[in-house]
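Heads up, the thing below is written out as structure tokens.
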Amino acid sequence: MSIPIWAGFECGHLGWSDHDLLVTTRHLPDDRMAEHYAIVRAHGLCRGRDGLPWRHDPAPRMRLAEASGMEITWDLAHFDRPPDPAAHAVAVAQAADPDRPLHLCPVNEPSIYPMLAGMAWEEAVDMAIVMGRAARDHHAKVRLLACDPINGIGERQFAAVDRLVGAGVVDTIGINSYPHTARAPLGRAILKSWRRYGLPVLVAETSWHDGHRAQRRRFPGFGKRRWLEHILAEVDWASARGAQVEGVCWYPIVDCPPWPHPGSAHRWRHGLIREDLGIDPVLSEALREHMVGPSQSAPDQLRFAF
53 MSIPIWAGFE CGHLGWSDHD LLVTTRHLPD DRMAEHYAIV RAHGLCRGRD
103 GLPWRHDPAP RMRLAEASGM EITWDLAHFD RPPDPAAHAV AVAQAADPDR
153 PLHLCPVNEP SIYPMLAGMA WEEAVDMAIV MGRAARDHHA KVRLLACDPI
203 NGIGERQFAA VDRLVGAGVV DTIGINSYPH TARAPLGRAI LKSWRRYGLP
253 VLVAETSWHD GHRAQRRRFP GFGKRRWLEH ILAEVDWASA RGAQVEGVCW
303 YPIVDCPPWP HPGSAHRWRH GLIREDLGID PVLSEALREH MVGPSQSAPD
353 QLRFAF
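Going by our numbering, the first residue of the sequence shown is number 53, and it counts up by one from there.
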């Protein structure tokens, strides 16, 4: 059975540019959120990552996801600290259906909070622990994702996740891996994470940005299709060695304005869904083929520039 591919929706708030990515991508219940979900569902993507940040009412977002048939893992803090983290987690837990699993990522990428949110990574981890425990105290079916950029396999790569796992607030290990930041093959990072924690692994973020110079330099000749094939081959390599992998999340699935320039008419070209709700033909075809079944000509594991 082929590995599930998830759809990832940007949901952060970037303090230095006052950029609310849910607003600039129009991924809101009273805007294009339902249309975005319908497009990814048509491509066979029924699971996803999305956000319930404190600046938005969580209830309409959760109701729309459920009505759309999407199973979502929700970020609670994506580079934007809630004024009262525990209260926000409780509000989300109480707004959720008590009879359905509630999948949460309390804090996305805590190890890079010093760079993107002006907050020490240790504080971000502590916030994730507080939020995870608060959610569990108010909802019986919470499942928690730890999500960090595990770009290599050295010890310091795992510091934030070590603390989260040690606190007992992790059910799945999320690895965020992009072509311009990875320092070790993804398969090795997956396998080491699986062996280190004994918990299932999710490739929680990956994508290919058509205009990214560093990506083209490190992986010459690649595009969205070849990057997806590469990632799936890396997952197959790790799975063949015993790793349990829950899926691969293409993140973000909707093109968004550059982070420093929320008002820009230009869009970063990393997604399936364009600003006008058109679709990227290359990624669309690749995803549809994956939905039908694994390719008979899938490439062997590819490794570059590590």
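Heads up, the beta-carbon is just placed ideally off N, CA and C, and yes, glycines get one too.
Asked: With P137 as the anchor, note down where its alpha helix (DSSP H) starts and where it stops.; Found: P137 to A147
Asked: According to DSSP, simplified to helix, strand and coil, what is I325?; Found: strand
Asked: If distances are taken between C-alpha atoms only, which option among C301, F61 and D109 comes closest to I225?; Found: C301
Asked: Report yes if the C-beta of A295 is less than 7 angstroms from at least one heavy atom of the ligand ATP; otherwise report no.; Found: In the structure on display, the ligand ATP does not appear, and there are no ligands present to speak of.
Asked: Which runs of the beta strand (DSSP E), 3 residues or longer, sit entirely within the stretch 232-282?; Found: 253-258
Asked: Given that a residue counts as buried once 16 or more other Cβ atoms are within 10 Å of its Cβ, and exposed if not, what is M167?; Found: exposed
Asked: Verify whether the separation of the beta carbon atoms of V334 and H88 is less than 8 angstroms.; Found: no
Asked: Within the same chain, show all residues whose beta-carbon is closer than 7 angstroms to that of E161, passing over the 5 residues directly before and after it, in chain order.; Found: C199, D200, P201 and N228
Asked: Taking the beta strand (DSSP E) that A198 belongs to, which residues open and close that run?; Found: V194 to D200
Asked: Under the three-state reduction of DSSP, which class applies to R215: helix, strand or coil?; Found: helix
Asked: Between the alpha carbons of R133 and G67, how many angstroms are there, rounded?; Found: 10 angstroms
Asked: Which first and last residues belong to the beta strand (DSSP E) in which I225 is found?; Found: T224 to N228
Asked: Looking at D109: is its Cβ nearer than 8 angstroms to the Cβ of C63?; Found: no
Asked: Alpha carbon to alpha carbon, how far is R293 from T233? Give it in angstroms, no decimals.; Found: 24 angstroms
Asked: Note the first and the last residue of the continuous beta strand (DSSP E) segment covering H155.; Found: L154 to V159
Asked: Let me make sure I understand the geometry here. Which of E175, L74 and V222 has the alpha-carbon closest to that of P105?; Found: L74
Asked: Name the two residues that bound the continuous alpha helix (DSSP H) containing R84.; Found: Element bounds for R84: n/a, residue is neither H nor E.
Asked: Within the continuous alpha helix (DSSP H) that includes W311, where are the two ends?; Found: Where W311 is concerned, there is no enclosing alpha helix (DSSP H), given that its DSSP letter is neither H nor E.
Asked: Can you give me the C-alpha to C-alpha distance between Q267 and I164, rounded to a whole angstrom?; Found: 20 angstroms
Asked: Please report the residue range of the beta strand (DSSP E) in which V306 lies.; Found: V306 -> no beta strand (DSSP E), and no H or E assigned at all.
Asked: Judging by CA-CA distance, which residue of D288, G263 and V287 is the nearest neighbour of K276?; Found: G263
Asked: State the DSSP-derived secondary structure class of A129, mapped to helix, strand or coil.; Found: strand
Asked: Can you list, in chain order, the residues of its chain whose CB lies under 7 angstroms from that of I283, leaving out five sequence neighbours each side?; Found: L238, V255, T258 and V300
Asked: Is it the case that the Cβ atoms of H71 and A145 are separated by a distance below 8 angstroms?; Found: no
Asked: Going by alpha carbons, who is nearest to R240 out of H322, R185 and G206?; Found: G206
Asked: Rank T125, D328, A138 and L116 by C-alpha distance to the C-alpha of A187 and give the top, closest one.; Found: A138
Asked: Could you give the DSSP three-state label for R185: helix, strand or coil?; Found: helix
Asked: Alpha carbon to alpha carbon, how far is H342 from E123? Give it in angstroms, no decimals.; Found: 19 angstroms
Asked: Between which two residues does the beta strand (DSSP E) harbouring A295 extend?; Found: Per DSSP, A295 belongs to no beta strand (DSSP E) and is neither H nor E.
Asked: Whole-angstrom Cβ separation of A169 and F131, contact assumed at under 8 angstroms?; Found: 5 angstroms
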